[in-house]
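**Q**
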Amino acid sequence: MVYLSRTDMASNEPATSRIEILQGTLDFIILQALRWGPCHGYGIVQLIRAQSRNLLQVETGSLYPALQRLVKQGAIATEWGMSSTNRRVRTYRLTPRGRKRLAAERSRWEQLSEAIAGLMLPPGAEEA
Amino acid sequence: MSILDWLPWVRERRTRELADEFHAHLEMAEAERIARGETPTEAAANARREFGNFGLVQEVARDEWGRGGRWVEHLVHDVSYGFRMLRRAPAFAAVVILTIALGVGATTAIFSVVNATLLHPLPYPHAEQLVRIEDDLVGLGARDIGMSTPEWNDLRRSGVFDFVSPTWFDDNNLTGLERAQRVGLLIVAPNYFALLGVKPRLGAGFTPGDATPGFNGQAVISDGLWKTAFGSDPDVLGRVVQLDSDSYRIVGVMPPGFQAPGSTREERGTQVWPAFGFAGAPLNQATVESRRSLFAGAIARVKSGLTIDEAQRRIDVLVRQLRQQFPADYPPASDWRIRLVPLKDAIVGNVREPLLFLFGAVILVLLIACANVANLLLTRATGRSRELALRQALGGAPARLVRQLLTESILLSVLGGLAGMLLLVVVKSSLVRLVPDALPRVNEIAIDWGVVLFALAASVVVGAIFGLAPALQIRGLDLIRALKMEGRGATSSRAQNRTRRLLVVAEFALSLVLMSAAGLLVRSFWRLLDAPLGFNPRNVTVLHTRLPYPNDPKEDLYPTAGAEATLVREVMRRSLTLPGVTDVALGSGAAVPLDHPQQDQTLLRVVIENDAVHGDQPLFITGAEVTPEYFRLLDLPLRRGRLLEDFDSDSAPSVAVVNEAMAKMYWPNTEALGKRLRLSPRSTTWTTIVGVVGDARTESLASPAVPQIYASLYQRQGKHLAIFVRGYFETNAIAHGVRDVIQSINAALPVFGVQTLGETVSDSLAVRRLSLILIASFAATALLLAALGIYGVTSYLVAERTQEIGVRLALGAQHGDVIRLVMGQGVRLAVVGASAGVVGALVVARLMSGLLFGVPAADPLTIGGALALLTSIAVAGCYVPARRALRVDPIVTLKT
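Heads up: the sequence lines are chains A and B, in that order.
Residue numbering for the first sequence follows the working numbering, beginning at 2 and increasing consecutively.
Residue numbering for the second sequence follows the working numbering, beginning at 468 and increasing consecutively.
#1: Rounded to whole angstroms, how far is the Cβ of Y43(A) from the Cβ of H492(B), which I believe are closer than 8 Å?
#2: In chain order, what residues of the region 51-64 of chain A put their CB closer than 8 Å to some CB of chain B?
#3: Mind checking which residues open and close the alpha helix (DSSP H) that includes S1262(B)?
#4: Expressed to the nearest angstrom, what Euclidean distance is found between the alpha-carbon atoms of R994(B) and Q752(B)?
#5: Would you say Q69(A) lies against chain B (beta-carbon separation less than 8 Å)?
#6: Just how far apart, CA to CA, sit D802(B) and A795(B)?
#7: By the criterion of Cβ-Cβ separation under 7 Å, what are the contact partners of H490(B) in chain A?
#8: Does the contact criterion of 3 or more C-beta pairs under 8 Å hold for the region 1008-1020 of chain B versus the region 852-860 of chain B?
#9: Is the CB of M495(B) under 8 Å away from at least one CB in chain A?
#10: Return the residue from the list D812(B), R649(B), A936(B) and A1280(B) that minimises the CA-CA distance to V869(B).
#11: Would you say L523(B) reaches chain A, if we count a Cβ-Cβ gap shorter than 8 Å as a contact?
#12: Are the C-beta of D487(B) and some C-beta of chain A separated by less than 8 Å?
#13: Fully enclosed by the region 845-899 of chain B, which alpha helix (DSSP H) runs are 4 residues long or longer?
#14: By the criterion of Cβ-Cβ separation under 9 Å, what are the contact partners of R102(A) in chain B?
#15: Between the region 701-708 of chain B and the region 616-630 of chain B, do three or more beta carbon pairs fall short of 8 Å?
#16: Cα-Cα, which of S712(B), G522(B) and V598(B) is closest to Y1025(B)?
#17: Answer yes or no: do A1233(B) and P821(B) have a C-beta to C-beta separation smaller than 8 Å?
#18: I'd like to know whether the C-beta atoms of R1106(B) and E1127(B) end up nearer to each other than 8 Å.
#19: Looking at C-alpha atoms only, which residue of W532(B), E974(B) and L565(B) is the closest neighbour of N839(B)?
#20: Identify the continuous alpha helix (DSSP H) that holds T479(B) and give its terminal residues.
#21: Name the one or two DSSP bridge partners that C40(A) has.
#22: In chain A, which residues lie less than 8 Å from V527(B) when you measure between Cβ atoms?
#23: Using a beta-carbon distance below 8 Å, is W473(B) in contact with chain A?
#24: Would you check if the distance between the CB atom of L845(B) and the CB atom of L977(B) is smaller than 8 Å?
#25: Using C-beta distances below 7 Å, list every residue in its chain close to G986(B), excluding the 5 sequence neighbours before and after it, in chain order.
#26: Which residues, in order along the region 532-551 of chain B, keep a beta-carbon less than 8 Å from a beta-carbon of chain A?
#27: Enumerate in chain order the residues of its own chain whose CB-to-CB distance from G1304(B) is below 6 Å, with the five nearest sequence positions on each side excluded.
#28: Distance cutoff 8 Å, beta carbons only. Does S84(A) sit that close to anything in chain B?
#29: CA-CA distance, A886(B) and S852(B)?
#30: Kindly indicate which residue of S53(A), Q58(A) and C40(A) has the alpha-carbon position closest to the one of E1414(B).
#31: From the DSSP output, in three-state form, read off L710(B) for me.
#32: Measuring CB to CB, does R759(B) end up less than 8 Å from P1148(B)?
#33: Which residues bound the alpha helix (DSSP H) around M1039(B)?
#34: Got a sec: is the Cβ-Cβ distance from E875(B) to anything in chain A below 8 Å?
#35: Threshold first: 4 residues or longer. Then list the alpha helix (DSSP H) segments lying entirely within the region 1079-1105 of chain B, N to C.
#36: Applying the 10 Å Cβ sphere with the 16-neighbour rule, what's the burial state of G956(B)?
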C-alpha cells in the first residue's frame, strides 16, 4: 500500500487525514506528472501538489522507490544535469514505453472511476 | 533484474547518486522556502523535516534494486571481514589452509585421472555411438574370440551401423631406414578413420569406400613415428616404406596425441595403420569364406538415432538367424553371441574399479582433514565467543552471524583449495609419471575447467561442512554467561565439547577404514610377491625380435619351422659364446611369463582326440612354442614323461609338453602322456603329449595353475621370438651382446623390449603397486591427521582444566593419577572411534574384494593391527599434553 498525505501547506501541520490508494496509482500519478516534460524529484512533488490543488503530497519515502522502480521497468529514463547552485541534479523523463503505459493506465483509471461513479447511488436515492 | 543489480561497485555508485539527488532535493526545497520568506535556519530545518528520514528513504529506494544485490553486498562485507580475521591469526590460518590444500589437492589429483579416463567422452565426434564388437562363445566360456570376414559383411549389411571396421593388431619390421625397427601395426578397413571421425594432420588418409579386397598398399602413420623415424619430414606423403618386406605408400600422418582406441597398451601405441579389405590376398579364398574366427575384433559406429541397446537387440536377432542358417559353424552348445561394448568401456573398463576405489579413499582423507579443521575452528570459536555474544547483544541477527562464520570457513577452504590446485599444477608432471602407462588415456589427463570446477566445488562444500559445527554453536550461545567471563579465558559449553569429541571419534573411525584398506592391499601385495612363481626369473634377461611375415609368401625368408630352426640354433650357438652367459633358450612371444604381447595368440584352439565331452569343438588353451632349453632355463620341473628334445625337429613326429593343470583338467582319471591333440582346428597333424611339467604362474601372479601347452619351436613357427638369457654378469652387457649376435645374423631383424624377467614380474604388478602406494600414503596422511586431531583436543582439554589439575595436585594427586586422568579421556575417544570404524572397514573390505589376493576380506590380523596402530598413535598424541599437565604449578593456577 502507498500512502499519499494531504497536508495543509499554510499551517505546515502534519497530515491529519490520509488517502489510501491502490498500488500502482502512484506510478500513474508520477508518469502523469512527467507528461509535461523532464523533471527532477523535488519538481515532481511540487507538480503533483499544485495539480491536485494541495490535496496530494507525495512523500519522499514513496516517491524515490517508485522512481527507481519505474527506471528499472524502462517507463522513465534519467539524465544528470547541473542545478543553478552547481549541484548535480537527476532529472526524469518519459520513455516511449512509459508513454504507452501512461495511455493504458489512463484508460484503466477512467474505466475505474466511471465504474465507481456508477456504484455510487445519487444522494437521496439512499433514503428511498 | 539485470546483472548490474548484483555488482557491489554498481550498487555503491548508485547509492552515491541517490544521496546526491536527495541533497539537491533538500537544497531546492530550502531555496524555495527562503524565497517564501523563511529564515535560512528555519528553511533548512523544515526542508529536512518535510523530506523525512534521509537514511530510511535511501534504504527503501535501494530495496527496489532487489534482494540479490543486498546478498552480494553482505558477502563482500563478510569476506573482507573474514580476511581481517585471518590476518589477525596467521598461524591458525596457515595450518587450516595447508590441511585443506593437502586434502583438496590429493582429491583433485585423483579426480583429474577419474575425469580424464572415466568421465570424459572419447576424443572423437559423437563418441557415444562408437562400440567395440566382441564375439563370445558363452557355452565354452570364451570371451572376445574374434570375428570372420563373412560375419563382418553380415554386420555391415545389418543396417545398424554407419561403419564397421575390423581391427587386427600386429607388429611388423620397419626396414629401409637407418635401423630395423619394430612397429606396432593396426590392420584396419579403409573406413577406420571415417568411422572414428578423425582426419590426418597431413595427407588425405584412406578413401572410406575403397573396396580393394586385399591390402591396397596405403598406410597412415602416427605423429610419433613421423617424428622419430622420418624426422618430421613434411614431404613424407607418398614415400614408400618396407614393412616385413612389403611396400606401403604413406598417405597420412595422424595428429599428435591421436591414439588408437584399444584396450591394451600395444594397440594404443599403434604406429602404422595399413588399409586392408579382409577379403583378398594374403588371405586365401577358403579363409575369406570361413566363418571360423579370423581377426581380433572390430569397432563400429552405431547409426545416429539408434541407441546401443537398440542396436544390441537388432544384432541379437541377426545372431539368431545366422545360427539357424549356419548350424555347422555355430553349434548350439557353443552358444555364439555378439556383444556391443561402448568403446569407452572397452578401453577403460578394467581400470574403473581400482580408480573409483582410490577416489573413495582420497575422499575419506578429505573428510578426515575436514574433521581436523572443524576441531581447530571450534577451538577458535570458543575463544571468540565473547566477541560473538557482544555482537549478538548489540543486535546482530544470529542468522547473520552464522553466515559470517560460514563465510569465514568457506573463505579458508577456498584459499586452501586454491593452494591445493597450485600444488597440483607444480607436481603434476611428476605425478603423471607415477601413473603406469598400462592405464588407458593417460595422455588425456589434464587440469581442465572440469577439474578446476571440481576443486572449487569441493573446497566450498568442505568449507560448509567444517564451518557448520562452529557456526551452529551461535544458536546455543549463552549471552549472559559469555559476556560475564571477563578476563578468565572462555571455557566451552557442554555442547561444544560433545561436538569436539564426536569429531575425534569420527576421525579415528575414518582412519581405521583407510588403515585397514591399506593393510589389506599391503598384505595382498606381499602374498603376490611371496607366491611361489613356479619358475626361476633370477638373472634372466629377455629380448625380443620378430621375423618378417611378408604378405607375399615368396618373399618370406623363414617360411617354415625348419627354416626358422636354423636361425634359432644359430642365435643360441653364438649367444652361448658371449662372456657370462650360461643358458640361452628361445620361445615364441607367448612363452614370456607374465608378459604376452597382444598380437601373440597365446590361446591355441585345441581339438583333443576322442574327446567324449567336447567332440570336435576346439578348446581355448594357452600355449607357447619353446626350444628344449626353455624348461631348464626357467627351472620348470619335469613331473612325468620327457621334456622336448633337440631331435623333435620338423621332420620328427609332432610332440608337446603340458603342465599338471592341463593334465588334471582334461584327463582327470587317465594318464595324459601319449594322448593326441590338434593344435588348431584346421590342422591335420596330430601332436602327442610326451611330458608333464610343474605348474607355474606364467599367466598371472594371482592364478597358480592355468592349463598350458608347450610345443616345440622347431616344429611350430613363432614369428615373434623371445630370447631368454641367463648370465652371471650385468644384464645390460649381455643384452647388447645378444643384440649384436642377432643383427650380425640378419641386420633386418629388430631387437626390442629388453627387460630382465624380474622386472617383467614386477611390472605385472604396476597397477596394483600404484594403488598400494596411493592408498598407503592416504592412510599415512590420515594417521598423521588423526594424531594431530587427538593431540589438539587433548591439549585443549588440559588447558581448560588447568585450574582443576592444579587443585588436584595441591590436594596430593600423584603424577600417575593426572596422566591417567588426561590420557584416559583421549585414548577412550580414539578407541571408541576406531571400534566404530571396524564396521566401515568390513564393508569397504567387501567392496574391494576384487583387489585382494590371498587375504580374506574380513581379516582379523589386518583390522587388529590397524586398531593397535591407531591406539598407540592416540596414546602418543595424548601423552605430550598429559606431560604438560604435570608441569602445572598449583600455586600459580590457584592464585589467578
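Positions of the beta carbon are idealized from the N, C-alpha and C atoms, including for glycine.
This structure is a prediction, so every number in the text was calculated from the model and none was measured.
**A** On the basis of the supplied data:
#1: 4 Å
#2: E60, T61 and G62: these are the residues of the region 51-64 of chain A whose beta carbon lies less than 8 Å from some beta carbon of chain B, given in chain order.
#3: A1233 to E1267
#4: 51 Å
#5: yes
#6: 12 Å
#7: R88
#8: no
#9: yes
#10: A936(B)
#11: Yes, because at least one Cβ of chain A sits closer than 8 Å to the Cβ of L523(B).
#12: D487(B) counts as touching chain A.
#13: DSSP runs (the alpha helix (DSSP H)) wholly in the region 845-899 of chain B: 852-860.
#14: Within chain B, no residue comes near R102(A); the closest Cβ sits about 17 Å away, beyond 9 Å.
#15: no
#16: S712(B)
#17: no
#18: In this structure, R1106(B) places its C-beta atom within 8 Å of the C-beta atom of E1127(B).
#19: Comparing Cα positions, the closest option is E974(B).
#20: Here the sequence assigns Glu to residue 479(B), which means Thr is not the residue at that position. Per DSSP, E479(B) belongs to the alpha helix (DSSP H) from P475 to A502.
#21: C40(A) pairs with Y93(A).
#22: G62, Y65 and P66
#23: no
#24: no
#25: T1329, G1332 and A1333
#26: W532
#27: A976, L979 and V980
#28: yes
#29: Answer to the nearest angstrom: the Cα atoms are 29 Å apart.
#30: Residue 1414(B) falls outside the range modelled here, since chain B spans only 468 to 1363, and no answer is possible.
#31: strand
#32: yes
#33: A1028 to L1043
#34: no
#35: Within the region 1079-1105 of chain B, the complete alpha helix (DSSP H) runs of at least 4 residues are 1096-1101.
#36: Residue confidence for G956(B) is low, a pLDDT of 47 falling below 50, so the modelled location carries little weight; the figure read from the coordinates is stated next. Label assigned to G956(B): exposed.
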